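>
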Amino acid sequence: MKLLILVALLGFGLAQHNPNFKHGRTTIVQMFEWRWADIAAECERFLGPKGFGGIQISPPSDHIILDSPWRPWWQRYQPISYNLCSRSGTEDELRDMITRCNNVGVNIYVDAVFNHMCGASGGEGTHSSCGTWFNAGTKDFPSVPYSAWDFNDNKCKTSSGEIENYGDIFQVRDCRLVSLLDLALEKDYVRGKVAEYMNKLINMGVAGFRVDACKHMWPGDLISVYGHLQNLSTKWFPSGSRPFIYQEVIDLGGEPISSNEYVSLGRVTEFKYGAKLGTVFRKWNSEKLCYTVNWGEGWGFMADGNAVVFIDNHDNQRGHGAGGASILTFWDSRLYKMAVGYMLAHPYGLARVMSSYRWERNFVNGRDQNDWMGPPSNGDGSTKPVPVYPDQTCGDGWVCEHRWRQITNMVIFRNVVNGQPHSNWWDNQSNQVAFGRGNRGFIVFNNDDWDLDVTLNTGMAAGTYCDVISGQKEGNLCTGKEIHVGSDGRAHFRISNWDEDPFIAIHAESKL
Numbered sequence: 042m043k044l045l046i047l048v049a050l051l052g053f054g055l056a057q058h059n060p061n062f063k064h065g066r067t068t069i070v071q072m073f074e075w076r077w078a079d080i081a082a083e084c085e086r087f088l089g090p091k092g093f094g095g096i097q098i099s100p101p102s103d104h105i106i107l108d109s110p111w112r113p114w115w116q117r118y119q120p121i122s123y124n125l126c127s128r129s130g131t132e133d134e135l136r137d138m139i140t141r142c143n144n145v146g147v148n149i150y151v152d153a154v155f156n157h158m159c160g161a162s163g164g165e166g167t168h169s170s171c172g173t174w175f176n177a178g179t180k181d182f183p184s185v186p187y188s189a190w191d192f193n194d195n196k197c198k199t200s201s202g203e204i205e206n207y208g209d210i211f212q213v214r215d216c217r218l219v220s221l222l223d224l225a226l227e228k229d230y231v232r233g234k235v236a237e238y239m240n241k242l243i244n245m246g247v248a249g250f251r252v253d254a255c256k257h258m259w260p261g262d263l264i265s266v267y268g269h270l271q272n273l274s275t276k277w278f279p280s281g282s283r284p285f286i287y288q289e290v291i292d293l294g295g296e297p298i299s300s301n302e303y304v305s306l307g308r309v310t311e312f313k314y315g316a317k318l319g320t321v322f323r324k325w326n327s328e329k330l331c332y333t334v335n336w337g338e339g340w341g342f343m344a345d346g347n348a349v350v351f352i353d354n355h356d357n358q359r360g361h362g363a364g365g366a367s368i369l370t371f372w373d374s375r376l377y378k379m380a381v382g383y384m385l386a387h388p389y390g391l392a393r394v395m396s397s398y399r400w401e402r403n404f405v406n407g408r409d410q411n412d413w414m415g416p417p418s419n420g421d422g423s424t425k426p427v428p429v430y431p432d433q434t435c436g437d438g439w440v441c442e443h444r445w446r447q448i449t450n451m452v453i454f455r456n457v458v459n460g461q462p463h464s465n466w467w468d469n470q471s472n473q474v475a476f477g478r479g480n481r482g483f484i485v486f487n488n489d490d491w492d493l494d495v496t497l498n499t500g501m502a503a504g505t506y507c508d509v510i511s512g513q514k515e516g517n518l519c520t521g522k523e524i525h526v527g528s529d530g531r532a533h534f535r536i537s538n539w540d541e542d543p544f545i546a547i548h549a550e551s552k553l
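Per this note's numbering, the sequence shown starts with residue 42, numbered consecutively.
1) If you run the structure through DSSP and keep just helix, strand and coil, what is M158?
2) Could you tell me the alpha carbon to alpha carbon distance between M258 and G166, rounded to whole angstroms?
3) Could you say which of V526, N335, T505, G500 lies nearest to N517 if we only look at CA atoms?
4) As a quick exercise: from S280, T310, L306, pick the residue whose alpha carbon is nearest that of L293.
5) What would DSSP say about Q383, mapped onto helix, strand or coil?
6) Have a look at the DSSP bridge pairing and note the partners of K514.
7) Given L47, which residues of its chain have a CB within under 8 Å of its CB, disregarding the five upstream and five downstream residues?
8) Quick check: the Cα distance between L55 and T496, rounded to an integer number of angstroms?
9) By the 10 Å Cβ neighbour count, where 16 or more other Cβ atoms means buried, how is F404 classified, buried or exposed?
10) Within this structure, are the beta carbons of A363 and N357 separated by less than 8 Å?
11) According to DSSP, which residues form a beta bridge with M395?
12) Taking only three categories from DSSP, how would you classify F87?
13) Could you tell me the boundaries of the beta strand (DSSP E) in which N465 lies?
14) Give me whichever residues DSSP pairs with P120 in a beta bridge.
15) Determine whether the beta carbon atoms of S102 and V185 lie at a separation below 8 Å.
16) Who are the Cβ neighbours of N326 in its own chain at under 8 Å, not counting the five residues just before and after it?
17) Please state whether the Cβ-Cβ distance between S423 and F73 is less than 8 Å.
18) Use the C-beta contact count for Y314: other C-beta atoms within 10 angstroms, 16 or more gives buried, fewer gives exposed.
19) Can you check whether the CB of G460 is closer than 8 Å to the CB of G477?
20) Can you tell me which of D194, I210, V350, F371 puts its alpha carbon nearest to the alpha carbon of R251?
21) Run through DSSP, which three-state label would S282 get?
22) Just to confirm, are D409 and G339 a CB contact at a threshold of 8 Å?
23) Quick check on W77: does DSSP put it in helix, strand or coil?
24) Can you give me the C-alpha to C-alpha distance between Q355 and Y150, rounded to a whole angstrom?
25) So, helix, strand or coil for S423, using DSSP?
26) Quick one: Cα of K552 to Cα of Y187, how far?
27) DSSP three-state call for K552: helix, strand or coil?
28) Please work out which residues of its chain come closer than 6 Å, Cβ to Cβ, to E550, disregarding the five sequence neighbours upstream and downstream, and give them in chain order.
29) Go ahead and pull the three-state DSSP assignment for Y150.
30) Less than 8 Å between C-beta atoms, sequence neighbours within five positions excluded: which residues of the same chain meet that for G160?
31) So what's H355 in DSSP terms, helix, strand or just coil?
32) Give, in chain order, every unbroken run of the beta strand (DSSP E) that is at least 3 residues long and sits entirely within the region 251-302.
33) What's the gap between the Cα of G530 and the Cα of I139?
34) Starting from D492, follow the alpha helix (DSSP H) in both directions and report where the run begins and ends.
35) Just grab the DSSP bridge partners of E165 for me.
36) Only counting the same chain, and skipping five residues up and downstream in sequence, which positions put a Cβ closer than 7 Å to that of G527?
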């Protein structure tokens, strides 16, 4: 019997590692703080046609509204109820977005927050995105409903009630993370309320969940919650499809709680990935790009099939979360495009790209005093729409990295080479490297301070290809560099270290 249960759990975990992508798509984009109406439009005009696989949306549940600091991004991570009205829009707008994105082949993954409710000092009133009354002081959230009985206060053994020592797994999981009221997920009632919320979203057509703060929840409690989730809607997904689960576990090594405790339940965010690749592209600590010949598990990362990989996310692009100063973001655009290109060309992990907004940074002693700032907003605190210009860029402070030609075209590259092996590696024993993906794609990087001028075996069929970094194929024309592959599969590459983007990528569908 025990063996049967174990086999069932393993099968159930493996199903939850599958992102349920449609039509050979491969990549998720995190559309941080976008409004539902803007996401729906972006699915139809851009993400669907360009082959993006799915979107990680900001938490859609009712959240606290804070005045000090003014409407910070992290108020979205302080739930008040599981009603579906948030800064991004209403329940009807959410449903409309899920439908419209599914209809053009783009999945929706919900950022689910259920480790905690709002902060202990959240006060009493109706200052929530749904206008829901609550009292943080008495732990009264009648719209769920949760009461003081549904929190971990009696279980936490620190005098402050806060996590004081990350070396103590009981504190990390039973005490408050930065004063956020910690839910008692061991209670069947609480588990049921969380599953009810997630199942409502599944019924609306979402494909899965990014689960926030998993390190702070016991794996056994998560197994129970996930076990209560329904199969995905057969309107858009094959019968019997399980929701995709990817869990936020910040594990850079050196703490007793490891991502290994969670990989059987679903995929896990591999925070080492962006931290290490940022160090490599910045050439810090004597790192060189040639050392990435065994990138992936060879660098001590989790198994390929368990990992969600990313260069930056909403936390660490602000110095929160994990990775520190090595993290590359849109502020470092030249290196950032190279690192995202490397990630999307490399077969390791399930890739997620970022779509951000700018904010007014103010560094004091190395720390950004404005790292709290919420999305571009109007005077009343409402989020501004995302304007898209004829040149494909976005305005009003929205960065739209997913629309940068180099990133969009590498998302397409990843789709084209999907399933092909990492092959034909070359390096100059420094920061010039190249590799292929079987006979479907080839990419070359020059991160040295001198020119790259070399003839390489690409593994590609003979012909002329359009470089999708300096330009792209439009009809039978190429707006960028043209690369000629001979009958022997070899091609000549020249990349100046002064090029705007010192890398070249060609693939089977960029052939002229």
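Where is the CB? At the ideal position from N, CA and C, for every residue including glycine.
From a predicted model like this one, the values you see are computed outputs, not experimental measurements.
Let me spell this out:
1) strand
2) 28 Å
3) Distance check between N517 and each of V526, N335, T505, G500 places T505 closest, using alpha-carbon atoms only.
4) T310
5) Looking at the sequence shown, residue 383 is not Gln but Tyr. It is helical.
6) K514 pairs with C519.
7) Confidence at L47 is low in this model, with a pLDDT of 47, below 50, so its placement is unreliable and the value that follows should be read with caution. Take L47, set aside five residues on each side of it, and no residue of its chain has a beta-carbon closer than 8 Å to its own.
8) 42 Å
9) exposed
10) With respect to the 8 Å criterion, A363 and N357 are classified as neighbours on the basis of their beta carbons.
11) Q71
12) helix
13) 463-468
14) H104
15) no
16) T320
17) no
18) Answer is buried; the Cβ neighbour count reaches 16.
19) no
20) V350
21) Three-state result, S282: coil.
22) It is not a contact, given that the beta carbons lie outside the stated cut-off.
23) helix
24) The sequence shown places His at residue 355, not Gln. One C-alpha to the other measures close to 15 Å.
25) coil
26) 59 Å
27) strand
28) The answer, listed in chain order, is V457.
29) strand
30) I105, Q119, A177, V219, S220, L221, L222
31) DSSP places H355 in coil when its eight states are reduced to three.
32) 285-288
33) Straight-line Cα distance between these residues: approximately 44 Å.
34) Segment: none, D492 is in no alpha helix (DSSP H) and carries neither H nor E.
35) DSSP, once it has assigned bridges, lists N176 as partnering E165.
36) A503
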